[in-house]
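Notes to accompany the following structure.
Residue numbers (our numbering), protein chains in the order written: chain A, 8 to 516; chain B, 8 to 516.
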C-alpha cells in the first residue's frame, strides 16, 4: 500500500487541528475501496449485529469489491466465510468497517491499519458521546491509532454512502446506485440516512455522503476541503451540530464557496437545542445571532430544515448556473397564482406582467371564461392539454424578461376523469405528454422549466393518485426537469440559487 | 316557505353593505336542503357540463334529499328526469345550484326565488371577474334578484360542501361525509376544494365549507357572523384575497374571535399578488405591512399558506383548549430532537430538561449505548417497543412542567425489518399497539400526546411504506391523536393554539 508522505501540518488537510494524524487521507481508497474488512459480523444464527446488517446492505447494493467479514469466533454469514482475524485476510485491504464493541475498537482499528487500510468507518457507539471517562479515553485511543496512519470516520456514525462504489448505510440499504453531483456531510447518522432516502425520490443524486458522528479524526473541515476539490461534486450540503474549530471551519467554507455552493443546515441554534447537541470542545455560543451572520459572510447557503436543504440541493444540481430574475407561472388555479406571486416576492424574484400583445396571443389558447393570460397564467381548468400548454410556455419564453418558467400541474384532478371513464388515474393523466412537451420547450427556448406537483389527495383511497404523481415525478426528473411539491418550495430553491450566483458574478467582476 | 322578516339594516347580517338584500339568510335551508334544483344539467349523451358533474357528485356523496335537474331541452340524466322548467318541480324547493350560461343566470335565479328557494349557489362564471361591462352588469342583475329575497353564494364559485347534508363540490366529489368542528370560508374555489381534500387525510373534519367566489351577495362578513354563532363550528379558517369593507371585516373577526379561533390566510400580500387578485372595489393597499398588524389586533391567527392553515385547523380541533407551555419530545433520533428544540424555541414553547431522578428512571427503560434520557428523549433506535415507550411517556407526564408530549415515530425503518423477515411492512410495524398505548397514556395522564410521522421514503419502490404510514395516521386519528408529518408542523400548530388561548385567558381575567 502506498500512502502520500506525511506533510507539514497545514490548514488544508486538518493536521493543524492537533496534528495527531500526519497522513494525508487517501480518499480514493476510502470512497472506492476494492477490498473491505467488516469487523463484528456474527455467525449465522447468532445475534444479528450492525456488522451483519451492513454486510447485507452492501450485498443488496451490489457492491462489486471483495468483502471479508471478521469475528474471532469464525463461522459463515450470507454465503461468506467469517475470518477469525484481520491478519487472515489475504493481502492488503483498502478500507474497514468496524462494528465491534467499543472497548475492542482501538485494537481492531490498529489491526486494520497494519493490514494497509487507508481508512476505517467506526459504526460502534459508546465513546465520547457518553460523556464518561471511559468513553472519552477510548476515543483518545482511536485518535492515537489514527495518528499512526489510518484515517477514521466516526465513531458513533453511519459512515460512507457512495453510489458509485456501492458503499452504503444501515439501516437504509436501499439507496440509489445512481451517481450524481451532490455531496452531503453530516454529524448525525439519522440525518445522513434520511437525506439520502429523501434524495432518492426527490431526484437528488449523490457523489458522496458521509456521516462522521463524533469525528474523532476526519470531520467537517477535512471533508469540505476534499469535496471542494472533488470533480464529481458540484454542490455540497451539510448538517452541522457542533464544530471543533470555528475560525478554520468558516474559512474553509469561504474558500470552498468560491468554487461551488455550500449549503449549511445548522442544528441546535436554540438554547434547548444546544443542550441537545452533544457538547464539543469548541462549539460556538450565541448561535442564533452569530451563525446566520457568519454563514452569510462566508457565502454559505443557510437552510432551516432538511426539507429546505433537499429543495436547495435539487435546485442547485438541476438548474443552470445563473441568476433567475424573472419567472413566469403557468397552470394551477387563481389562488395558486396568487400564492406564487407572494412567495416570489419574498425571495426577491419577479413575476413580470406580460405585455398586452403577449397576453392577447396567450388568450387565444385558453378556455373561456375563467382563464387569465397575464403572468401568472391561470389556465382555468386542470384538463388543458399538453399541446396547448406547450404553446403557452413558448409564448412565455418569448418575453425576454423571463429567465425561467414554472408549470403547476394539478394532476390529482384526473381522478374524477378516471372515475367517470372507468379507467385508472395513471392511464388518463397526460403526464408523459407533458414531460415531452416541457423538455422540448426548455431545450428550444434555453430557459429552464420547473414543474410543481401539489397533491391534496394523499389518503388511503387516493394511493393511486400518490403513485401516479410519483411516476410523473420520476419521468420529469429523467428528462432533467426539476419537480417540487409546492410552489413555495420551488421559489425557495430558486432563491438560494440566485443568492449564490449573484455572489459569484459579483466576485468575478 | 317562511323567511324571517326583513330587518333594519345592521352590522351583523351584512345589510349595511348596500342594503340590497333585506332577507336574513335561512342558513339552515341553505346548508341542509331537503329539496334541490340543479339548473344546467345536459341530457344523457350531450356535452357534460358543471351541472352534470355536480349532480353526479351529490349522488356519489349519498345526498339523501330530492334532486331536480332542470334544462329547457328535457331528457334524462343519471336516472333522473330532467325537468324543462323550475316551475315544473312539485312544491317548493329549499336550495338551487345554478350552472347555466352567465347571461341566463339572473332569470334562472329569479325562477328559483319564486319557487321558494332560501338560497342558491351560482357555479357559472363570466361575471364581474371578467372586468367587462357585460359581466359587471350581469352581476348587478344577480344582486337585484337577490334583493327580492333569495340569498346568493357566488357567482364564479364552487359553493357549499357540508358533510352532514351531503352538499359537495366539483371537481372533488369524494370528500368526507364525516362531520366535524372546522368551518372554512374561501373566495377561491380551488382553495376550498384542495383544503377539503387535504382535511380528509389529515384528519380535519368540517362543519361547513363555503367557496363564495365573487361574493355578489353573501360573503366573508355574513358567513363569519353565521359561523361565529353556529354551535357545530368551533374553529373558523378562511382564505381571503380581497375584501369589500375592511373595517366591518376586521370588527367582525374581532367579535367572532372572542368566541372561537379565526384562522386567516391572506393571499395577495405582495405587489404582484395584488395584481393577480381580481380587483375588488375596496381591497386594502400596503398589505404586507398593514394586514399582519390588524389581524394581530383583532386576535385572528394568521397563517402563510394552505399547509399551515391545515396544521393550525387540526391542532385547534383536536387539542384541548389551553396553553401548552412545556413539551416533552420522545423518539426520533438525535438530530430530530435537536430540530424539535430549535422549532419549539421559535414558537415560544419550552422543552424543559428532566430532573436527574426522572432521567435515571427513563434511562433504565432505554437500550444502551446511543440513547439519551434527557428531554428530548432519544430512544436510540426506531424499533423500541410500544410497551417501553408507554413507560417513557408515563415518566414524561409525571413532570408537572410538561403540558403535552410529542412522540416522533420513524416507522419507515420497519421496511428493513420487513425485508429481513420476508413480510409486509404493514405487518411488522407496531403502529396499532403504539396507537393503543398513546391513547391510554393521554387519557390516564390527562396530557395530550401528538404523533409526528416523518417519511423520507416516498418513492415508487416505497409505496408500501407510504400506505402503512397513512394507515397508521388514520388509526391514530380515530383514537383522537393528532398526527403531523414533520416536527416543525406540530410545533407550529401548538404555537397557534397557545397564542389564541393566551389571549382568551388574558381577556377573561
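Note that CB positions come from ideal geometry on N, CA and C, so glycine has one too.
#1: Please report whether the beta-carbon of residue 407 (chain B) lies at a distance below 7 angstroms from any beta-carbon of chain A.
#2: Buried or exposed: where does residue 563 (chain B) fall if 16 or more other Cβ atoms within 10 Å of its Cβ makes it buried?
#3: Report yes if the CB atom of residue 119 (chain A) is closer than 7 angstroms to the CB atom of residue 109 (chain A), and no otherwise.
#4: Just by C-beta distance, which residues in the stretch 193-205 of chain B are closer than 7 angstroms to chain A?
#5: Just the Cα atoms here: how many angstroms apart are residue 288 (chain A) and residue 251 (chain A)?
#6: In its own chain, which residues sit with a C-beta less than 7 angstroms from the C-beta of residue 113 (chain B), not counting the 5 before and 5 after it?
#7: Is it right to say residue 514 (chain A) is buried, meaning 16 or more other beta carbons lie within 10 angstroms of its own, or is it exposed?
#8: If you run the structure through DSSP and keep just helix, strand and coil, what is residue 414 (chain B)?
#9: Hey, quick one: how far does the alpha helix (DSSP H) through residue 278 (chain B) stretch, first residue to last?
#10: Give the interface partners of residue 376 (chain B) over in chain A, defined as CB-CB distance under 7 angstroms, in chain order.
#11: DSSP three-state label for residue 341 (chain A), please.
#12: By the criterion of Cβ-Cβ separation under 9 angstroms, what are the contact partners of residue 249 (chain B) in chain A?
#13: So, is the C-beta of residue 460 (chain A) closer than 7 angstroms to a C-beta in chain B?
#14: Does residue 415 (chain A) get closer than 7 angstroms to chain B when you measure Cβ to Cβ?
#15: Count the other CB atoms within 10 Å of the CB of residue 158 (chain B); is the residue buried (16 or more) or exposed (fewer)?
#16: From residue 528 (chain B) to residue 130 (chain A), what distance separates their C-alpha atoms?
#17: Check each candidate in A:477, A:455, A:419 and name the one with the smallest Cα separation from residue 205 (chain B).
#18: Taking the beta strand (DSSP E) that residue 246 (chain A) falls in, what are its first and last residues?
#19: Using a 10 Å radius around the Cβ and a threshold of 16 neighbouring Cβ atoms, would you call residue 122 (chain A) buried or exposed?
#20: Identify the continuous alpha helix (DSSP H) that holds residue 311 (chain A) and give its terminal residues.
#21: Are the C-beta of residue 397 (chain B) and some C-beta of chain A separated by less than 7 angstroms?
#22: For residue 73 (chain A), which residues of its own chain have a beta-carbon under 6 angstroms away from its beta-carbon, when the five flanking residues on both sides are left out?
#23: On the CB-based measure, 16 or more other CB atoms within 10 Å of its CB, does residue 88 (chain A) come out buried or exposed?
#24: If you check the beta carbons only, do residue 348 (chain B) and residue 280 (chain A) fall under 7 angstroms apart?
#25: Under the DSSP definition of a beta bridge, which residues are partnered with residue 457 (chain A)?
#26: Taking DSSP as the reference, what is the three-state secondary structure of residue 445 (chain B)?
#27: Within 10 Å of its beta-carbon, does residue 465 (chain B) have 16 or more other beta-carbons around it, so buried, or fewer, so exposed?
#28: Would you identify the three-state DSSP class for residue 160 (chain A), choosing helix, strand or coil?
#29: Applying the 10 Å Cβ sphere with the 16-neighbour rule, what's the burial state of residue 453 (chain B)?
#30: When the Cβ atoms of the stretch 379-388 of chain B are set against those of the stretch 327-346 of chain B, are three or more pairs found closer than 8 angstroms?
#31: Three or more beta-carbon pairs under 8 angstroms between the stretch 191-206 of chain B and the stretch 238-252 of chain B, yes or no?
#32: Return yes when at least one heavy atom of the ligand GDP lies under 6 angstroms from the C-beta of residue 102 (chain B), else no.
#33: Does the beta-carbon of residue 33 (chain A) have 16 or more other beta-carbons within 10 angstroms, so that it is buried, or is it exposed?
#34: Which term fits residue 80 (chain B), buried or exposed, when burial requires 16 or more other beta carbons within 10 angstroms of its beta carbon?
#35: In this structure, what does DSSP give as the bridge partners for residue 5 (chain B)?
#36: Does the separation of the CB atoms of residue 448 (chain A) and residue 401 (chain A) fall below 7 angstroms?
So, from the listed chains and residues:
#1: As a first step, residue 407 (chain B) must be located in the second chain, where it is residue number 400. It does not: the Cβ of residue 407 (chain B) has no partner Cβ on chain A nearer than 7 angstroms.
#2: Missing from the structure shown is residue 563 (chain B); chain B here goes from 8 to 516 and no further.
#3: Residue numbering aside, residue 119 (chain A) sits at position 112 when the first chain is read from its first letter. Residue numbering aside, residue 109 (chain A) sits at position 102 when the first chain is read from its first letter. No. Outside cutoff.
#4: 195, 197, 198, 201, 204, 205
#5: For the purposes of this step, residue 288 (chain A) is taken as residue 281 along the first chain, with counting starting at 1. For the purposes of this step, residue 251 (chain A) is taken as residue 244 along the first chain, with counting starting at 1. Annotation note: pLDDT 33 at residue 288 (chain A) (below 50); position unreliable, no value reported.
#6: What you label residue 113 (chain B) is simply residue 106 of the second chain in a count that begins at 1. Closer than 7 angstroms at Cβ, skipping near neighbours: 145, 148, 149, 152.
#7: For the purposes of this step, residue 514 (chain A) is identified with residue 507 of the first chain, where counting begins at 1. Label assigned to residue 514 (chain A): exposed.
#8: Residue 414 (chain B) sits at position 407 when you count from the first residue of the second chain. Strand at residue 414 (chain B).
#9: As a first step, residue 278 (chain B) must be located in the second chain, where it is residue number 271. Run containing residue 278 (chain B): 278-283, per the alpha helix (DSSP H) assignment.
#10: Working through the second chain from its first residue, we reach residue 376 (chain B) at position 369. The contacting residues are 132, 133, 137.
#11: On the first chain, residue 341 (chain A) is found 334 positions in, with the first residue counted as 1. If DSSP states are grouped into helix, strand and coil, residue 341 (chain A) belongs with the helices.
#12: Against the second chain, residue 249 (chain B) aligns to sequence position 242. Chain A residues near residue 249 (chain B): none, gap ~10 angstroms exceeds 9 angstroms.
#13: Against the first chain, residue 460 (chain A) aligns to sequence position 453. Answer no: the Cβ-Cβ gap between residue 460 (chain A) and chain B never drops below 7 angstroms.
#14: On the first chain, position 408 is the one that residue 415 (chain A) refers to. Closer than 7 angstroms: no.
#15: Here residue 158 (chain B) corresponds to residue number 151 of the second chain, with the count starting at 1. Burial call: buried.
#16: As shown, chain B starts at 8 and ends at 516. That puts residue 528 (chain B) outside it, with no answer to give.
#17: Position 198 of the second chain, counting from 1, holds the residue named residue 205 (chain B). With distances taken between CA atoms, residue 205 (chain B) lies nearest to A:419 out of A:477, A:455, A:419.
#18: On the first chain, residue 246 (chain A) is found 239 positions in, with the first residue counted as 1. From DSSP, the beta strand (DSSP E) with residue 246 (chain A) extends over 242-247.
#19: Mapped onto the first chain, residue 122 (chain A) falls at position 115. Looking at its Cβ environment, which holds 16 or more other Cβ atoms inside 10 Å, residue 122 (chain A) is buried.
#20: Residue mapping note: residue 311 (chain A) aligns to position 304 of the first chain, counting from 1. Looking at the DSSP string, residue 311 (chain A) is not in any alpha helix (DSSP H), and its letter there is neither H nor E.
#21: Taking the second chain and counting its residues from 1, one reaches residue 397 (chain B) at position 390. Chain A contact via Cβ: absent.
#22: Position 66 of the first chain holds residue 73 (chain A). Excluding positions up to five away in sequence, the list reads 42.
#23: Counted from its first residue, the first chain places residue 88 (chain A) at position 81. That one is exposed.
#24: Stepping through the second chain from its first residue, residue 348 (chain B) is reached at position 341. Stepping through the first chain from its first residue, residue 280 (chain A) is reached at position 273. Yes, the pair counts as a contact, with Cβ atoms nearer than the cut-off.
#25: Residue mapping note: residue 457 (chain A) aligns to position 450 of the first chain, counting from 1. In the DSSP output, where bridge partners are listed per residue, residue 457 (chain A) has A:413.
#26: Mapped onto the second chain, residue 445 (chain B) falls at position 438. Residue 445 (chain B) falls in the helix class under three-state DSSP.
#27: One-based indexing of the second chain puts residue 465 (chain B) at position 458. Buried, by the Cβ-count rule.
#28: The count along the first chain starts at 1 and reaches residue 160 (chain A) at position 153. Reduced to three states, the DSSP call for residue 160 (chain A) is strand.
#29: Position 446 of the second chain, counted from the first residue, corresponds to residue 453 (chain B). Counting C-beta atoms within 10 angstroms of its own C-beta, residue 453 (chain B) has fewer than 16 neighbours from the protein chains shown and is therefore classed as exposed.
#30: yes
#31: The stretch 191-206 of chain B is in contact with the stretch 238-252 of chain B.
#32: Of the ligands one can find in the structure shown there are none, so the ligand GDP has no counterpart to examine.
#33: The residue labelled residue 33 (chain A) in the question sits at position 26 within the first chain. By the 10 Å Cβ count, residue 33 (chain A) comes out buried.
#34: On the second chain, position 73 is the one that residue 80 (chain B) refers to. Classification of residue 80 (chain B): exposed, given that the 10 Å Cβ count is below 16.
#35: Residue 5 (chain B) lies beyond the residue range present for chain B, which begins at 8 and ends at 516; the question has no answer from this structure.
#36: Numbered from 1 along the first chain, position 441 holds the residue referred to as residue 448 (chain A). Numbered from 1 along the first chain, position 394 holds the residue referred to as residue 401 (chain A). Cβ atoms of residue 448 (chain A) and residue 401 (chain A): closer than 7 angstroms.
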